[in-house]
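Asks: So the number in the working numbering is just where the residue sits in the sequence shown, counting from 1, plus 7.
Note that CB positions come from ideal geometry on N, CA and C, so glycine has one too.
One structure follows; several queries about it will come next.
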Amino acid sequence: MAHTPLDDLPLFSTGEDQAPGRRPRQLRGDTGLSAVIVAWGEALGAAGRSEHTVKAFTADLRLLAGRLGGGMSVQAIATHDLKNFLDWMLNRRGVPCSPKTYSRRVTSLKAFFRWLNEAGVIPADPAAPIAQQTVLSPLPDVLTDDESEAVLERAQAMRRGGDTPDARPFTLTHLLLNTGIKKGECLAIHLNHVELRGVEGPLLYIRYPDARKRYKERKLALEPAWVAAFEEYRRQYAPTAKLFPWSPRRLEYLLEELGNLAGLEKHLSFDMCRWSFALRRFRSGMEHDRIRQLLGLSKIQWREVGAKLEALASRMPA
């Protein structure tokens, strides 16, 4: 999940390159909206935001410019203009606008005008009175404890099975259910990221080559049952670099097949394993910040994840 970090937007104006109260070069209150949008996109890029993020949020503002006129000065835009724009987008544009898209566009407007106000380009923030819309995407599917046990029992049977034992399903599934790593993180694991004999016990290191994602890096404890299966798996498949040297689709199919063999009516997936891991920790009473750290999430990302876990926990039997 590419996903767009909505809640990062209010932080854009506090970057080192654009401290609050410092006027962006060549921008004034009478500068046209379209020109200011271009400058904002450049500021987002300079602050290290991804190309996807910059495109998404500047597109939201270009929609506003198309409605108000790209030459309209930013200091002339009032709160009622923004409210009329949002009403038009929801009710009169004739193009569907999902709650999630609407929420992102409100966030874009608020971040853009806050940036201009804090930089001294406009004397007041016309977007400040507009209520922020928080929209949760649908709750994910998770495994019950019994379903998790059934999956691992079936994978264990395949590991011990007859003339052709296969440790790969157990090695993959046990790792996912007991570390909560994402699909991309799983596919990026190299053999040298697995430390079996460290002073802290067996550990998995999650690494990110992109410096902007270093906050996601972490070390996760590995259980003895996984270590034993891993040794068998390594003898059977002899991986040389990546822990799981297969395509994403091949591993997704392996999980789906395992789920079917275990009798699940659900579609076993990387995402389901990650949410199941998080929910078990949440229901066990683990400190929420510790769960966030284990998942490699920022505090901003945890807001939605934590709310979903609370909703999921309320639906589970005690």
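At the level of alpha carbons, what is the spacing between residue 243 and residue 275?
Replies: For this step, residue 243 is matched to residue 236 along the sequence shown. For this step, residue 275 is matched to residue 268 along the sequence shown. C-alpha separation (whole angstroms): 24 Å.
Asks: Could you give the DSSP three-state label for residue 305: helix, strand or coil?
Replies: Taking the sequence shown and counting its residues from 1, one reaches residue 305 at position 298. Looking at residue 305 - three-state DSSP - the assignment turns out to be coil, as it is neither helix nor strand.
Asks: Helix, strand or coil: which one does DSSP assign to residue 225?
Replies: Sequence index remark: in the sequence shown, residue 225 carries index 218 (1-based). Strand, per DSSP.
Asks: Would you decide whether residue 312 is buried or exposed? Buried here means 16 or more other CB atoms lie within 10 Å of its CB.
Replies: As a position in the sequence shown, residue 312 is number 305, starting the count at 1. When all chains shown are included, residue 312 counts as buried.
Asks: Under the rule that 16 or more other beta-carbon atoms within 10 Å means buried, what is residue 129, buried or exposed?
Replies: Sequence index remark: in the sequence shown, residue 129 carries index 122 (1-based). Residue 129 should be labelled buried.
Asks: Tell me, to the nearest whole angstrom, how far the beta carbon of residue 246 is from that of residue 198; I am working on the premise that it is less than 8 Å.
Replies: In the sequence shown, counting from the first residue as 1, residue 246 sits at position 239. In the sequence shown, counting from the first residue as 1, residue 198 sits at position 191. Right, the Cβ-Cβ distance comes to about 6 Å (below 8 Å), so this counts as a contact.
Asks: Who are residue 80's beta bridge partners in DSSP?
Replies: The residue labelled residue 80 in the question sits at position 73 within the sequence shown. Per DSSP, 39.
Asks: Assuming the contact rule is C-beta atoms closer than 8 Å, residue 148 and residue 279 should be a hit. Round their C-beta distance to whole Å, please.
Replies: Taking the sequence shown and counting its residues from 1, one reaches residue 148 at position 141. Taking the sequence shown and counting its residues from 1, one reaches residue 279 at position 272. About 6 Å separates the two Cβ atoms, so the contact holds.
Asks: In whole angstroms, give me the CA-to-CA distance for residue 316 and residue 262.
Replies: Counted from its first residue, the sequence shown places residue 316 at position 309. Counted from its first residue, the sequence shown places residue 262 at position 255. Their backbone Cα atoms lie some 23 Å apart in a straight line.
Asks: What would DSSP say about residue 190, mapped onto helix, strand or coil?
Replies: Taking the first residue of the sequence shown as position 1, residue 190 is located at position 183. Three-state result, residue 190: helix.
Asks: Between residue 298 and the rest of its own chain, which residues show a CB-CB distance below 7 Å, the 5 nearest in sequence each way excluded?
Replies: The residue you call residue 298 lines up with position 291 of the sequence shown. Correct list, in chain order: 285, 288, 289.
Asks: Mark residue 207 as exposed unless 16 or more other C-beta atoms lie within 10 angstroms of its C-beta, in which case mark it buried.
Replies: Residue numbering aside, residue 207 sits at position 200 when the sequence shown is read from its first letter. Result: exposed.
Asks: For residue 28, count the other beta carbons within 10 Å of its own beta carbon; 16 or more makes it buried, fewer makes it exposed. Which is it?
Replies: Reading the sequence shown from its first residue, position 21 is the one you call residue 28. Confidence at residue 28 is low in this model, with a pLDDT of 37, below 50, so the placement of that residue is unreliable and no value is reported for it.
Asks: Report the rounded CA-to-CA distance for residue 46 versus residue 269, giving the unit in angstroms.
Replies: Within the sequence shown, the letter at position 39 stands for residue 46. Within the sequence shown, the letter at position 262 stands for residue 269. The alpha-carbon atoms of residue 46 and residue 269 are separated by roughly 55 Å.
Asks: Going by Cα to Cα distance, which pick from 182, 239, 118, 217 is closest to residue 211?
Replies: As a first step, residue 211 is located in the sequence shown; it is residue number 204 there, counting from the start. Of the candidates 182, 239, 118, 217, the one whose C-alpha sits nearest the C-alpha of residue 211 is 182.
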